[in-house]
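Here the structure comes first, spelled out in structure tokens, and everything after it is commentary.
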Amino acid sequence: MARMIPSHGPRETESFGESSIYWILKKNLSDDFTVIHSLPWISSEVKKIDPKAAPTGEIDFLVIHPMLGLLTLEIKSGRYRIDHSTFVHIKSNEFIDPVQQARRNAHGLSKCLGVKPSLRLRIGYAFVFPDSHFGEAMINTAMVDCSIDPPQRIFIDRGQMPTLADRIKEIMCYWKIALNTPDLSPQKTKELMETLCHNYDGTPNWAQRVIHDNKLWLRLTEEQNQVVQTVCNRERMLVTGWPGTGKTLIGIEVARKLLLEGKRILFVTFNTQLATHIKSQLPKTKRCNVSTWHGLCSAAQTKLNTSNNASQNWLKTDCNTDLQNAISQGLMESYDILILDEAQALDIEWCKTLINWFESKPIACFCDETQVFSFEPRTTKLNELQALLGVISPFLLTIALRMPKAVTEHLINVMPPNHQLTSPREFEKDTITEIITETPLNKLFEIHAHLLEQGFDKHEIRVLLSSLQSYDLRRLLDSKGIRHENIAKFRGLEAPAVIIYGADHMTDSELFCAYSRATSLCISLFSLEPLIWKENSAFQKSVRSQKENKPIIELAQFNSLTTNIIPASTPTYSLNLLSIDLSWAPGWGAWMIEFDPENELAETWIDYLTLEHEWPVLFWYKDSRKRLYLSEPDNEQGPLSFTLALDLKYCYSCCTTTPFKGNIDAACIICTPPKKPHQNSPDEIILETISIYDGILSSTLSDSKKPSRSLEDLPFPLAAAGARLYASQHKKRNKILDMPLPSGKIIYRAALAFVQSRIATYEANRSLITSEVALQLYNRFKSLQTLDLKNWTSIVANALGTCKQKNFIKKITKGEYRIVEDADIPEKTVEPPF
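Counting in the working numbering, the sequence shown runs from 231 upward without gaps.
Written as structure tokens, this is what we have:
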């Protein structure tokens, strides 16, 4: 896209052709082109070219390129005919000499610049006839160089307008060769621009752009005025359309026209601020009552001499009853027409009351279903309004003017409409910005300050917040003089600059409404952390998918994974085990395990470490994000909790990221002394013992036909894990091994694992007798012999009872069960793997 001067649009001119060409050049020339529109010059040297000419001139367009040089464009709008090489304007019959004019402008500018020896430049020229078509005719020998093959035309007519940018580059190449023009160095280009546009960087400040947008796009258009006439001429009218299509503006203009006719108008909307805005746009007269729904009902309540408008029942239903009673008793004012704006935000029962009230009178209703929020259950759909009003179809507005075109196109891409929607505004990329940040509040303050520096007034900037944002944030913004609004309360209103704070936690309907409130600039702030893993809305998905954001998202995802945070937070030393990824963190005084649900031994290793040793176990999953889980030693061989979650946060005492207990009084567990003192680190004997246990379990991983007898020497949590691992390699049934081990007593989890292994490997129709299974296990595994046999038998009975409830075994008699084959187990009883 070319750099245009002025950048916000063409200068005011009577030539429609120049305005069109401005936008074509901006869109179709690359960013290494600079185009100046309507450049005046003055030079007494022009007298040498044309003694009769004034020493001043104005170039329609000057095109500048560092390699192709300078080209002036002479634009001749309107239709022309050729009369003996003379151009005659068909409508005015005026004779013109564009060649002399172009030469005078090009040479005059060259002489003007040539005062500086460094700017003695050769300048080419070309002609554009946007409304005339000359075909292959030789219209003027000064416009076609026949000395080369093929001949080079330096004019562009209507037939070549679709390729205007390419033709200009072609003509500039011609002049570069014909004039033997050297390239423009960066220094010379800078000097040229400073001379032509002193202290002009090509970009107007935002204050100028807001004025331009307000004058051009926020006024009633001819198309909208036609809708106003249609509404005034119909008894019933339902108008719908996207934000920015002018529904409220049309409603206000309808009210103005009808007031001039002496009509009495009731103008109802849901939003207090919108009602205030509408009032400010209409004459102050008793014949026009602009009110919110609840304001109207409150007036009815006053006339009824009742009062209860603070209760929730009144706000939801009783308000409607009060208005109905006041209407039926003839207490309300009489009106000639009802104008209902943002009707979709009203309860359908409220709409029925208003429409019944104006049963025999004109009603103009404006509705936009795209602006209904999920927290508004009592709203009215477009088809319901259509039925209530008795209209065949709604009148659809399809031209969006209020929003910048870049905002409109973004909304179309994210939430495509079911009809064609157009925007006549020029696409300006910088009118919408979506920012991903780790410090959204600081970014908000930075952006607000920057916009003030760019020329915005405070009242032109509005920060839009979700209804869920805290009171403390709102109070902070107030203290800094930053104007802010709840999105729902700002529906139907607008601001030149909109900053959307907390976009990562908003719904699509909230974001759609928020984006569409901007008339010149929309900035949305997405907090990085909640955005990187979730796509709660189409807007958030759109932000994540943007090419420039993908590296940010990927890096943030990497940095937020627990497995990547821990190495940077504390040294860990791997025990190099084969059966489990176990490390020791001396700085944290804890065992460290990356938990793999696919590893049959992972849970029971945690059981063993928690049961047999005095240090806590910190474990996490491969996809854990800034989250750890804590299992602490318990002398009662008690519960293993998978629910004690810890958050990884920065600890200012430890000066690094550490685990925090996730409660209200969050505390770093590294700073908090353990409940019971323990030695600093496991000694060599403990580490060697763990290594031996790992070797026993690792040998079980080999495909031996019988489990290693060394399993008998393992602590019962690991022995149970070994038995379950053996079963997974020699199973005759699959489903029992898909049953997860529940959290709870470690001894019960071990018993269940032992029972599962037997159900998976026993021959068909073999019985399981509770006392026999318990005794076999008790006699075989030495670590179980520290328990009372009776208690152990009771625990095994509970484990068998659980398997019976899941239909993996069937009870024959008390304490005796028969194994059920996989094919006979109902699918619904199988729980997903842990």
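Ideal Cβ positions, reconstructed from N, Cα and C, are used throughout, including at glycine.
Quick one: is the Cβ of residue i within less than 8 Å of any heavy atom of the ligand HEM?
i	result
N335	Within the structure as shown, the ligand HEM is missing, as the structure has no ligands at all.
Between residue i and residue j, what straight-line distance do the alpha-carbon atoms span, to the nearest angstrom?
i	j	result
I966	L1005	22 Å
A1027	F603	55 Å
K341	N335	10 Å
R241	H267	7 Å
A798	L876	17 Å
T499	F720	12 Å
L858	E668	22 Å
M231	D261	5 Å
M373	F657	34 Å
Q417	V265	18 Å
T1000	L917	37 Å
Y310	T302	21 Å
E453	Q601	23 Å
T628	L651	5 Å
L808	D924	7 Å
I691	H678	8 Å
Q503	T522	9 Å
R439	L761	32 Å
S273	D327	Bear in mind that the predicted position of S273 carries a pLDDT of just 47, short of 50, making it too unreliable to give a figure here.
L426	L409	22 Å
E862	T840	6 Å
E759	A786	8 Å
I976	D837	6 Å
L927	F1011	15 Å
S767	S757	14 Å
A332	K346	22 Å
D552	T478	27 Å
W544	L618	24 Å
R655	M562	44 Å
Please identify the residue among the options whose C-alpha is closest to the C-alpha of residue i.
i	options	result
F325	R334, N335, H314	H314
S739	V644, S809, N1037	V644
G560	H267, A994, L534	L534
N258	K346, L394, H843, S767	L394
R352	E304, P412, F1011	P412
D1052	N995, V293, L446	N995
D708	T583, F675, R449	F675
M633	E421, K659, R608	K659
L703	D734, I730, L671, S940	L671
What does a CB cutoff of less than 8 Å around residue i pick up in its chain, not counting 5 residues either side in sequence?
i	result
K935	Residue placement at K935 cannot be trusted, given a pLDDT of 49 that sits under 50; the coordinates are not used to answer.
K780	R774
Would you please state the rounded distance, in angstroms, between the beta carbons of residue i and residue j? I believe it to be under 8 Å.
i	j	result
L812	W821	6 Å
L755	W436	18 Å between Cβ atoms; not a contact.
G722	S696	Actually they do not touch by this definition, with Cβ atoms about 18 Å apart.
S883	W814	That belief does not hold up - the Cβ atoms of S883 and W814 are roughly 22 Å apart, past 8 Å.
G247	I305	5 Å
F849	I823	4 Å
T800	K852	Not a contact, Cβ separation roughly 19 Å.
Can you give me the Cβ contacts of residue i inside the same chain, cut-off strictly under 6 Å, excluding the 5 residues immediately before and after it?
i	result
K278	Note that K278 has pLDDT 46, beneath the 50 cutoff, so the model's placement of it is unreliable and no number is given.
S249	P240
Y978	I1025
I289	L269, T302, N335
F359	K306, D387
S415	none
M736	S696
Which same chain residues, not among the five before or five after residue i, have their C-beta less than 7 Å away from its C-beta?
i	result
Y1008	L1014, Q1015, L1019, W1022
N370	S315, V329
H238	P434, Q438, R439, H442
Y419	The residue asked about is misnamed: residue 419 is Thr in this sequence, not Tyr. P296.
A896	F890
With contact counted as at least three CB pairs below 8 Å, one residue from each stretch, are the stretch 744–764 and the stretch 637–644 in contact?
-> Yes, since at least three Cβ pairs between the stretch 744–764 and the stretch 637–644 fall closer than 8 Å, the two stretches touch.
Answer yes if the stretch 595–603 comes into contact with the stretch 564–581, meaning at least three C-beta pairs across the two stretches below 8 Å, and no otherwise.
-> Yes, they touch.
Quick check: the stretch 509–518 against the stretch 476–494, are there 3 or more CB pairs under 8 Å?
-> Under the Cβ criterion (8 Å, minimum of three pairs), the stretch 509–518 counts as touching the stretch 476–494.
Touching or not, the stretch 472–487 and the stretch 604–616, by the rule of three or more beta carbon pairs under 8 Å?
-> Contact fails between the stretch 472–487 and the stretch 604–616, because fewer than three Cβ pairs, one in each stretch, are under 8 Å apart.
At a cut of 8 Å, does the stretch 711–720 reach the stretch 769–779 through at least three beta carbon pairs?
-> At 8 Å Cβ cutoff, the stretches do not touch.
Counting Cβ pairs, one atom from each stretch, are 3 or more of them under 8 Å apart for the stretch 357–366 and the stretch 381–389?
-> Per the Cβ contact rule, the stretch 357–366 is in contact with the stretch 381–389 (3 or more Cβ pairs under 8 Å).
Given 8 Å, three or more beta-carbon pairs between the stretch 290–298 and the stretch 405–424 = Because the criterion of three Cβ pairs below 8 Å is met, the stretch 290–298 and the stretch 405–424 touch.
Three or more C-beta pairs below 8 Å linking the stretch 724–731 and the stretch 680–699 | Between the stretch 724–731 and the stretch 680–699 there are three or more C-beta pairs closer than 8 Å, enough to call the two in contact.
Given 8 Å as the limit, is there contact between the stretch 463–481 and the stretch 537–554, that is, 3 or more CB pairs closer than that?
-> Judged by Cβ distances under 8 Å, the stretch 463–481 makes no contact with the stretch 537–554, as fewer than three pairs qualify.
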